[in-house]
Amino acid sequence: SSLYNPELETIRCTIFDRHGNMQKPSIDLRRDELIHTHGLLPRDLRKVEKSRRNDLVPSVLVRENSILVSILNIRALVKSDMLILFDSMGIKLDSVSQQNFIADLQLRLQNRSGFEVPDVVNKDPLPYEFRAVESIFISAISNLNAELKVHLNVSTGILQDLEYSITRDKLRYLLIQNKKLSVFHKKSFLMREMIEELLEQDDVLCEMYLTEKQLGKPREEHDHAEIEMLLETYYNHVDEIVQTVGNTMSNIKTTEEIINIILDSNRNQLMLLGLRFSIGLLSLAGSIFIASIYGMNLENFIEEGNVGFPVVSTLGVILMAYLFAFSVKHLHKLEKVQLMSHGKSSTLK
Amino acid sequence: SSKAVRSQLRWNSTTKLIKPIASTQHPFLVKPVTPHESYVSCTIFNEKGDVTAVSHKFPKWEFLQKYGLYPRDLRKIDSSTIDVIPSFVIKPKCILVNVLHIKAMIQKDKVFVFDTTNPDAAIKLGVLMYDLESKLSQRNINYQGKSVSYQENYEHRALESILINVMTCLETEYKYHHSVCGMILNDLENQIDRDKLRDLLIKSKTLTAFAQKSVLLRDLLDELLESDEDLAGMYLSEKKHPDADDHSDLEMLLETYYKQCDEYVQQSESLIQDIKSTEEIVNIILDANRNSLLLFELKVTVYTLGFTVATLVPAFYGMNLKNFIEDSNWGFASVVGLSVAAAAVVTITNMRALRSVTKLTLLNNHTGANNKKHLANAKLALDKEIPTFWDRWLTSARVLWSGREVLYKDGSKRDMIWKWLVDDDKK
């Protein structure tokens, strides 16, 4: 079942009210109703409707009186007194991370003081919309962190295995892991870029103060310390993830190069040995050739002589020795070429 | 005449907004045209969104003069040119759009869509026509009895439906690439095949072209968003001052499609990255394979060498020359014995050399430092790859004596592996 139902033009979502209470879970809202009641444009919902499970590009769009957030698998519309969470596709609603997210979201949106809830020391001074955004970021980053841990574990496991021997299976796992890592890197990298871009736009940051805008007190430009600090914190988190993944990817890259060198040098050694055998074959074939010439049942004029056999045999052996010596010498010369280029002085002595 | 045109288009009035794909069920009859030197042909929409002319032909010079264009502007929208680089040319009275297959001129109350010579593009253009018609004719949407009007300008609605069409095309194309390349990549994970790798590289060519196309489009949108002057120039119905800073609605429009295009760019880049890493690792695996082929070839060579050695002495005694042992009773046996012995010695010596070289390479066959585990590992692999004569003889004798299963009952090697695993845990 898809999030967006094109026939009925409805979108499935969960709504949290002003006090952070979750209304009936998962209701289907009509698309045009959603657009009109929340002052959106039809195209704003395209991202939500088109969302697939493996969306890479995250976005935070700030509109007149709402913020549209689309990070990893979380798509939400944040308003100053309301949060509409578009139910994510692919991941079931009862997954642990989703449950944690909803619980955290509720707790944070309710924002009760320490007298009522023992875990919370003080009331969060941040406005409703920032609490919502923060909760979304926290969930996204904890998801990223969990994924990072899995990737790191698997990658280091494979790399350690490759320290013992290089086999085709291990290389296959390395390939699969490599692909996963590069997608993950892209995902986290784009998230970092997005936060960085947000931080650079003063006007957008000011626009994000929805509650104050609602009250008719829009922020002056450059006066957005709270949201800036919030975003910076998560920027640092994501940056750390990006750096770690980058590091692992470069490790894999280096390992690949080392493996290539090892395989190449192994091949060289094997080929050298093969050449030695071939040289032996060549010299033997040389003397067998002479023997086979006299083995023909044709008149060869020395059948009756007594010296024929020893002379021809000696000739064959001499030819064999000569071929062997010549080829081995040549091989040695070729082997030395590699050393010659940086060892010329030693040959002069 | 507008009604006649409508019926000609087989326009289905119930077709709803924002469903460009659905309208392919009623293919619009946009026919590819043959390029002409002195005419431009286009489909024209009026301010109400009605089609006033289909494939209307204008003489080129008249067209240029009428709409205040230069010949070089026409080159951008000329139906015969190759369309790789997308562009928006902003003129005082119109916007010239050249994106992928769409070439159009947007005015404040008219849209000219230039006909194409490419039959594939013509089908896509047909979809665009439907979309344009519904988007342009729409002034306000009735919502629960109240009419809520968007304050969107005519030219922006036209622009939006063009962008929607382009994004839909990009999406279909991306999905195609994703499924094709994804399938080959998955196959390559399971089985390495040179043919598949070649297929992948061929497919990656078109993928690269797609990525380039979407990157160019994204950069174009980005450039537009950066330049306030261009954004102001794109308001044709209400003239904006070039320095005016208030064009947030257009900015939001372009931003939405910028984000969408960016998604395709990133997805296709990650696909290209996947192809690259697959290529590298498949190359490594093929290298490893070549090494084992080489090893096998060496074994064959060793045995060939042995046989050649065995042939040498008989070859000399096979010469039609007097060799003084023709008549002796022990001649045959001793020559055969001698040559077999020589062959055995040479073969065993060479095998030993092969073993020692292979052992060296096996010891080298990892990316870490040597330790005891490596030595044991290398020995095990060596015994598997090139068993000594004694080992081989022992194994075959055992198989002869008590059947094949005995090989699998021998648990000593497994014990050794188990020991390493336990040792590893302790560390």
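First to last, the sequence lines map onto chains A and B.
Per my numbering, residue 1 is the first one in the first sequence, and the count goes up by one each step.
Per my numbering, residue 1001 is the first one in the second sequence, and the count goes up by one each step.
Glycine included, C-beta positions come from ideal geometry on N, C-alpha and C.
Bear in mind that the values here come from a model prediction, so they are computed numbers and not experimental data.
- Counting along the chain, the unbroken beta strand (DSSP E) around A:Asp-28 starts and ends at 27-30.
- Neighbourhood of B:Met-1129 in chain A, by CB distance below 9 angstroms: empty, with the nearest CB roughly 20 angstroms away.
- The C-beta distance from A:Asp-104 to A:Arg-18 rounds to 18 angstroms, too long to fall under 8 angstroms, and the pair is not in contact.
- Rounded to whole angstroms, the gap between the alpha carbons of A:Leu-83 and B:Glu-1255 is 23 angstroms.
- The beta carbons of B:Asn-1283 and A:Ile-262 sit no closer together than 8 angstroms.
- If you look at B:Tyr-1039, you'll find it in the beta strand (DSSP E) that goes 1039-1045.
- Per DSSP, B:Met-1105 is one residue of the beta strand (DSSP E) stretching across 1102-1106.
- Shown here for A:Lys-186: same chain residues with a beta carbon closer than 7 angstroms to its own, the five before and five after excluded, namely Leu-56 in chain order.
- Taking C-beta separations shorter than 6 angstroms and ignoring five residues to either side along the sequence, the partners of A:Lys-79 in its chain run Ser-66, following chain order.
- Of the other Cβ atoms in all chains shown, fewer than 16 fall within 10 Å of the Cβ of A:Gln-160; this residue is therefore exposed.
- Under the three-pair Cβ rule at 8 angstroms, the segment 1149-1167 of chain B counts as touching the segment 1106-1113 of chain B.
- For A:Pro-125, the secondary structure class from DSSP, reduced to helix, strand or coil, is coil.
- Against chain B, a Cβ distance below 9 angstroms from A:Val-154 picks out nothing, because the smallest value is about 15 angstroms.
- Boundaries around B:Ser-1214 are those of the alpha helix (DSSP H), 1194-1226, since no beta strand (DSSP E) includes it.
- A:Leu-272 counts as exposed, since fewer than 16 other beta carbons sit within 10 angstroms of its beta carbon.
- Residue contact with chain A for B:Ala-1315: present (Cβ-Cβ distance below 8 angstroms to some residue of chain A).
- B:Gln-1260 and B:Met-1167 do touch by the CB rule: their CB atoms are close to 5 angstroms apart, below 8 angstroms.
- In this structure, DSSP gives B:Val-1113 an extended state, which the three-state scheme calls strand.
- Residue-level contact check: B:Ile-1106 does not touch chain A, since none of the beta carbons of chain A fall below 8 angstroms from its beta carbon.
- In the structure shown, the three-state DSSP call for B:Val-1084 is coil.
- For B:Ala-1353, the nearest CB of chain A lies under 8 angstroms from its own CB, placing it at the interface with that chain.
- For A:His-151, the closest C-alpha among the options A:Asn-247, A:Ile-27, A:Ser-70 and A:Glu-228 is that of A:Asn-247.
- With respect to A:His-237, A:Ile-141 sits close: the two C-beta atoms are nearer than 8 angstroms.
- According to DSSP, B:Cys-1169 shares a beta bridge with no other residue.
- Look at the segment 146-180 of chain A: the residues with a C-beta under 7 angstroms from a C-beta of chain B are Leu-162, Glu-163, Tyr-164, Ser-165, Ile-166, Arg-168, Leu-171, Arg-172, Leu-174, Leu-175, Ile-176, Asn-178 and Lys-179.
- Annotation for A:Arg-75: the continuous beta strand (DSSP E) segment containing it runs 74-78.
- Listed as beta-bridge partners of B:Ala-1053 by DSSP are B:Ile-1044.
- Not a single CB atom of chain A sits nearer than 8 angstroms to the CB of B:Gln-1065.
- Taking C-beta atoms as the reference points, A:Ile-241 and A:Leu-144 count as a pair closer than 8 angstroms.
- The alpha-carbon separation between A:Leu-282 and A:Ile-290 amounts to approximately 13 angstroms.
- In the DSSP annotation of this structure, A:Cys-13 is not part of any alpha helix (DSSP H); the continuous beta strand (DSSP E) holding it starts and ends at 10-16.
- Note that the C-beta distance between A:Met-191 and A:Pro-42 is not below 8 angstroms.
- When the beta-carbon positions are compared, A:Leu-29 and A:Arg-63 stay at least 8 angstroms from each other.
- Taking CB atoms only, B:Thr-1168 has no neighbour in chain A less than 8 angstroms away.
- Proximity of A:Met-191 to chain B, defined by a Cβ-Cβ separation below 8 angstroms, is not satisfied.
- Residue state for B:Phe-1063 is assigned as helix, using DSSP reduced to three classes.
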